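J.: If you scroll down you'll find the structure; I have some questions about it.
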Amino acid sequence: MIPLWQGSCNQWDCDEMGHMNVRIYVEKQLEGLVALAHELGLPEAFRQNAPSTIIPVDQHIRFVREVLPGKPISMQGCILEIGESDAVVYQELRHSDGALAASFRTRIRHIDTTEGEAFPWTRKTRARMEALKGETPEEALPRSFDPDAPGMPVSEITLDYAKSVGAPRIGMGAVPPGHCGVHGWMEPSWFIGRLSDMVPNLLYDWRMRVGTSNGGKRMGAAVLEYRLRYHRYPRAGDLFVAHSSFGGVVGKTHSLVHWVMDPATGAPWATSQVVAITLDLDARKAVAAPPEMLGELEKIAPKGLTI
235 MIPLWQGSCN
245 QWDCDEMGHM
255 NVRIYVEKQL
265 EGLVALAHEL
275 GLPEAFRQNA
285 PSTIIPVDQH
295 IRFVREVLPG
305 KPISMQGCIL
315 EIGESDAVVY
325 QELRHSDGAL
335 AASFRTRIRH
345 IDTTEGEAFP
355 WTRKTRARME
365 ALKGETPEEA
375 LPRSFDPDAP
385 GMPVSEITLD
395 YAKSVGAPRI
405 GMGAVPPGHC
415 GVHGWMEPSW
425 FIGRLSDMVP
435 NLLYDWRMRV
445 GTSNGGKRMG
455 AAVLEYRLRY
465 HRYPRAGDLF
475 VAHSSFGGVV
485 GKTHSLVHWV
495 MDPATGAPWA
505 TSQVVAITLD
515 LDARKAVAAP
525 PEMLGELEKI
535 APKGLTI
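Position one of the sequence shown corresponds to residue 235 (the working numbering), numbered consecutively onward.
Now the structure itself:
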C-alpha cells in the first residue's frame, strides 16, 4: 500500500457525538483518491478542464475506532480489482499507533466529463494499477454487508415506492454551489453528510427514550458500517428529499436504509444502508435498546426499502 493522506482531526470536524463526523471521513477519503489519481498518471482528473475524471459509484465504509479532536491520522491504500473502465480501491485511515480507524472499499468509474460516459483506462494507467494491487487486511473486511451484492434495480427505486411502503421523510433540501466540485456536481461526501444531518429527525426522540430506559444516560449514536450506491450526482440548484426504512436488529446494532431522491423526477440520487449502535456519550460504549424500544423503531420507520 502507498501513503495517500496525513493530517489530524480538528474540533470543527466533529459533531454532537464528540467524534469526527462521517462527512469528514469521506472528504479525507476523496483527498486520498485525488492522490491515487496522480499515482495512476491521471493528475488532471480532478482539475476543471480535465477530459475525464474518476467518480465513486458504490462504496463500503467500516468505522472501527473513533477519531477524536486533536488526534493525528493517516491514510494509505491500494487497488483491489481492475475493470475496463472501473476499479475497486481500498483505503484505510489509521491512528498514530497503527490502530485502524476506518476502511473504505470504493468502486470507482472512469468517465468523460462532458457526457458522464464510461471512459476506458489507458494501457499506461492499467499498468500502474497492476503495480499497486494489494489486499484488504483481515481487520478491515466488511462484516454487515456484501459490498458486491447487486442491490435493488435502479428502475424500481422510485419516490412513489418509498411513499407506498410508508418510509417516512427524514429531510429535504437543495444543493448549494459550495457543495459542488470542479466538474459541477455535488461532492460525494455531501450524500453521507446530509444523511447525518437528517437522521435526528427520525431518531432523536427515540434515542432520548432509550436513554431514559437506561437510567437517564446521555444517548447518541455511532455508525459501524455504511454502504452507499451513488446513482446520479446532483448539481447546484437541484433538490433532494430523503426517506428511511428500518433494516433490522442484530445484537446491539440496528440497521436503516436511506433513499436520497430527486423530487423533480422521482428517481434516486443515492441509496444507502447503515449499521449503527446507540452510544452512551459519557462511557463511550454501546447500549442495547430494550426489545420494546426496538419494536417502536420499526413502527417509526417501517421495513420496505432495500439498497
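The C-beta atom is built at its ideal place from N, Cα and C for all residues, glycine as well.
None of the values given here were measured: they were computed from a predicted structure.
Among the residues of its own chain, which have a CB less than 7 angstroms from the CB of Glu-568, if the five just before and after it don't count?
T.: This structure cannot settle anything about residue 568, because the visible part of the chain is limited to 235 through 541.
J.: For Met-386, name the three-state secondary structure that DSSP assigns.
T.: Coil at Met-386, not helix or strand.
J.: Give the single residue among Val-508, Gln-507 and Ala-522 whose Cα lies nearest to the Cα of Asp-514.
T.: Out of Val-508, Gln-507 and Ala-522, Ala-522 has the C-alpha closest to the C-alpha of Asp-514.
J.: Are Trp-435 and Ile-404 touching if we call contact CB-CB under 8 angstroms?
T.: Note on residue identity: the sequence assigns Asn, not Trp, to residue 435. Yes. Within cutoff.
J.: Look at the Cβ atom of Gln-325, then the Cβ atom of Gln-263, and state whether they are nearer than 8 angstroms.
T.: Yes, they are a contact pair.
J.: Among residues of its own chain, excluding the 5 on either side of Ala-271, which ones have a beta-carbon nearer than 8 angstroms to its beta-carbon?
T.: Correct list, in chain order: Pro-277, Ala-279, Phe-280 and Ile-288.
J.: Could I get the ranges of all uninterrupted beta strand (DSSP E) runs contained in the segment 235–274, with 3 residues as the minimum, in chain order?
T.: The qualifying runs are 236–242.
J.: Asp-380: which of Gly-449, Phe-425, Leu-462 and Gly-317 sits nearest, CA to CA?
T.: It is Leu-462.
J.: Between Thr-359 and Leu-314, is the Cβ-Cβ spacing less than 8 angstroms?
T.: No, they are not a contact pair.
J.: Any contact between the segment 464–471 and the segment 406–414? By contact I mean 3 or more CB pairs, one from each, below 8 angstroms.
T.: The segment 464–471 is in contact with the segment 406–414.
J.: Leu-513 bridges to which residues according to DSSP?
T.: According to DSSP, Leu-513 bridges with Gly-454 and Ala-520.
J.: Could you tell me whether any Cβ in chain D is nearer than 8 angstroms to the Cβ of Trp-419?
T.: Absent here is chain D; the protein component of the structure consists of one chain.
J.: Could you tell me which of Trp-246, Gly-538, Asp-247 and Tyr-259 sits nearest to Tyr-460, measuring between CA atoms?
T.: Measuring from the Cα of Tyr-460, the nearest candidate turns out to be Tyr-259.
J.: How would you write the range of the beta strand (DSSP E) that Phe-480 sits in, first residue to last?
T.: Counting along the chain, the beta strand (DSSP E) containing Phe-480 begins and ends at 473–484.
J.: Quick one, are the C-beta atoms of Met-442 and Met-453 less than 8 angstroms apart?
T.: Going by C-beta atoms, Met-442 is nearer than 8 angstroms to Met-453.
J.: State the start and end residues of the unbroken alpha helix (DSSP H) segment that holds Thr-359.
T.: From DSSP, the alpha helix (DSSP H) with Thr-359 extends over 357–365.
J.: Compare the Cα-Cα distances from Gly-304 to each of Pro-290, Ser-330, Cys-312 and Phe-297 and report the closest residue.
T.: It is Ser-330 whose Cα lies nearest to the Cα of Gly-304.
J.: If you run the structure through DSSP and keep just helix, strand and coil, what is Thr-446?
T.: Looking at Thr-446 - three-state DSSP - the assignment turns out to be helix.
J.: Quick one: grab the DSSP three-state call for Phe-297.
T.: Strand.
J.: Hey, out of Leu-490, Arg-257, Thr-505 and Glu-373, whose CA is closest to Glu-421's CA?
T.: It is Arg-257 whose Cα lies nearest to the Cα of Glu-421.
J.: Which ranges would you report for the alpha helix (DSSP H) in the segment 320–355 if only whole runs of at least 4 residues count?
T.: Fully enclosed alpha helix (DSSP H) runs of 4 or longer: not present.
J.: Classify Gly-427: buried if its beta carbon has 16 or more other beta carbons within 10 angstroms, exposed otherwise.
T.: Buried, by the Cβ-count rule.
J.: Whole angstroms are fine: how far does the CA of Cys-248 sit from the CA of Leu-490?
T.: Leu-490 and Cys-248: Cα-Cα distance of roughly 22 angstroms.
J.: Tell me, please, which residues DSSP counts as bridged to Trp-493.
T.: Trp-493 pairs with His-477 and Thr-505.
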